[in-house]
Every structure is written in C-alpha cells, then in structure tokens.
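To keep things clear, I will list the structure first and then write my remarks on it.
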Amino acid sequence: MLLFDSNPAIGRKLLVTGNGRCNLTNSLVAPERYSCADRSFLSLALEKFGRESLLSLLRAMGVLTFATHDGWYYPVSNSAVTVQKAFEAALQNVGVQLHLKTTISDIHLLTPGFLLETEAPPRTFGVDRLIVAAGGSAYPALGSRGECFPILERLGHTVVPPRPALAPIRADVRPYHALQGVRLDVRLALYEGEDKLGETAGNLLFTEFGFSGPAAMDLSHLVQAGPGKTPQRLVINLIPTHLDWLRQFIAARRDDPLPLSIALGSVLPPKMPPVFIAQAGLPDSVCLNQVSDHQLEVLLRRLTAVTVEVRGTRGFQFSQLSAGGVPVSEVDPNTMESRRVRGLYLVGEVLDVVGPCGGFNLQFAFTSGAVAGMAVGDP
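Read in our numbering, the sequence shown has 927 at position 155, and its numbers run on one by one without any break.
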C-alpha cells in the first residue's frame, strides 16, 4: 500500500485545525448540517462511519477525546500533534509505504488500474485502486491548491469550480469602523435581493475588512461577489437571545434618568452602544426618560437587523475549506468509488461538501476516507 503526500510529513493540514487543538468532530454532526447536492449521500456515509466510529478508532490508536459544552470534540491533550503522531504510527504499523515530498502530476487509466506520474523526481507507479484525498484549494501554503481537479476532469468527472468556504466575509463596514475587534454571539442571515440564501447563529468578529468568526465563516461558501452578480447583504441580529430581556429592563426603568448607553450595555459589548446611539441621531449622554417610545423602538429594531453590503470573501489563503469539487452524485456513498471510473475513490475536500465550523468538515474527511479505505481493503 502506497501513500503519496507533497508535504514533508503527513497531516500538515490536520495540524492547523482547531487553532492547533484539532477539532475532530461535533456532537451535532448530521446530514442536514451540510451543504451538498444530495444529503442522502451523507446519511449513508455517516451510517457506515459516523462520530462514534471515529471516536472509537481514535481511542484504539491512543487518542483520547473530550467534548466542550457546545459539542466540539478535541483530543484530551488539546494538541493536533497528538492526532498526527497517532496516524503516523498507525501507518507504520500496517506497513504503508510513505512517499513524502512527492506530487502526483498526472493519472492515466490502465486496463485495469492506474498509472501515476510524479514530479521532482519524475517517476511512475502502477496501482490497482486509487484513493484521491488531495484536498481542495484552501490553505495553498500546505500543499492544497486544487491541482487534482483538472486531472479528475480529464478522467471524466464534473468539477464545480472551487471557491473559498469557512472564510472571513468582506463587507462595507465603514459605519462600524469603531467596532473592529468586537466579538459577540449573533444571528446572521445572507440575502441576495429578497431571497435568503442562508442563516446561522454563532460568534461574529468585526474586522477592518468585514467579519470573521464562525457565524460569518459558516455562510461564506454562499457568497458570490463580482461583476454582474446580484448584490448580497448580511443582516445581523446583535441581540438574538436578549431582546425580550432588554425590553423588560427598559420598561422597568423607563422613567429613570438612566443613561441609554448603560441600558444597552447590559446586553452589548461596551463599544457598541455609543455607535448605535449616534446612528439614531441621539446625544451620547441621553437618558431613558429623554427618549421617545418611537425612538427606542427604532433603535431596538436596528439592533436586530444591522444590514451591510457584502463585497466577497477573503481568498483561499484565509479559508479553512474550499467549496466546489466533484459532485457527490458522481460517487457511491457506500464505498466512495467513482461512478465514472472503476477503481477510483474520491474523499474529503475533493468532493463538493461543506459543513459549518466545529469539526463537521474533519468528520466528513474521516468518514469518507474510512468508507473508501474499507472498500479498497475488502478483498
């Protein structure tokens, strides 16, 4: 069994997941959490190798795991190196021949099997069956640049053009310049005209170019910006779980000389109240008993529907994943074998599957890889 990797060591991309902690999977992994052409594909694949199968395999390899309160799984060591070393040892134990710093430059069909061409140095290898786990176009510095897609097209597959996913979103945030660095939990929706393309809830970070954090990144694969594109916008609810509480608090203090900034600051980060009070045309020091009911209502509604124009996403070098690739309709979910090329198996980011932040995409990588591995290893 041969394994080719263009990097000097296996698992380099694994090492950067979860900010180096390796966010392995999530307690909420389910087909409906993913974006792809056919969620039944994910249902079948996850039935064969889901979260519990992964955790069991990791335990057997010597990787103990734990889940955070929101269901994100990490190694107990809180280090991706632990996982990388465990896989490295597992490969050695079963006698896999590693060819590191080796790039596959082309794949030719044989009858049966495949002929692999490598570069630097140029060599050829004949194999009976082939698993392509070459990634997409995200993290190009780690060797994932989408070079496999033209090869897969020549072999007969459709390839949806790659685009950044789990990437920060660029937007017109000039009115919110003072909020750079502010982070809070929001509900976020992406619109194109009157059509809602997607919605999510999670942590959002205001930046100089737009937005980062899981909430923005989970919607980034839906962003289509450029000449001729219909303008898109983000609508942000800054107080998705606190609106009723804030209304009750204001009603109880309605006639008091309590600064409006203090009332809003009970549910918002300190930098936010002055920005939105100013946008409402009110003095910084205005008190609750000096504001009309209409002014208050307009302000509260604004906090639940902050609207900004989308200008695109940051590039592949800033994205954790790429959308696009081979549609799942061209792969058998029970084996990950290509429906167009016998003996060819496609897994992970090569396929057009996108999940949210939190271990969902690494789970799919493990799931598809394990399903393909079991199929290839079945005599």
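Here a beta-carbon is modelled for each residue, glycine too, at the ideal position from N, C-alpha and C.
- Query: Sorted by chain position, which residues of the same chain lie with C-beta nearer than 7 Å to D878's C-beta, five sequence neighbours on each side aside?
  - Reply: E889, I923
- Task: Would you kindly check if the distance between the Cβ of Y846 and the Cβ of Q1092 is under 9 Å?
- Result: no
- Message: Assuming R959 is part of the beta strand (DSSP E), what are its boundary residues?
- Response: 955 to 964
- Item | CA-to-CA distance, A1050 to S812, given in whole angstroms | 50 Å
- Roughly how many angstroms separate the alpha carbons of P1003 and E891, rounded to a whole number? 43 Å
- Confirm, please, whether the CB-CB distance from G792 to S828 is below 9 Å. no
- Can you give the Cα-Cα distance for R955 and F978, rounded to whole angstroms? 6 Å
- May I ask which residues mark the beginning and end of the alpha helix (DSSP H) holding I1159? Nothing can be reported for residue 1159, as the shown portion of the chain is limited to 773 through 1151.
- Query: Mind checking whether P803 and T972 have CB atoms under 9 Å apart?
  - Reply: no
- Going by the beta-carbon positions, is the gap between T930 and E1121 smaller than 9 Å? no
- Query: Skipping 5 residues on each side, what residues in its chain have a beta carbon closer than 7 Å to that of G965?
  - Reply: T1002
- First and last residue of the uninterrupted alpha helix (DSSP H) at D1153: Here the chain covers residues 773 to 1151 and nothing more, so residue 1153 does not appear.
- Task: In angstroms with no decimal places, state the Cα-to-Cα distance between N798 and N1009.
- Result: 25 Å
- Query: Taking the alpha carbon of P1105 as the point to measure from, which residue in Q869, N865, A809 has its own alpha carbon closest?
  - Reply: A809
- Message: By the three-class DSSP mapping on this structure, what secondary structure does E1081 have?
- Response: strand
- Using the rule of at least 16 other Cβ atoms within 10 Å of the residue's Cβ for burial, across every protein chain shown, is A1142 buried or exposed? buried
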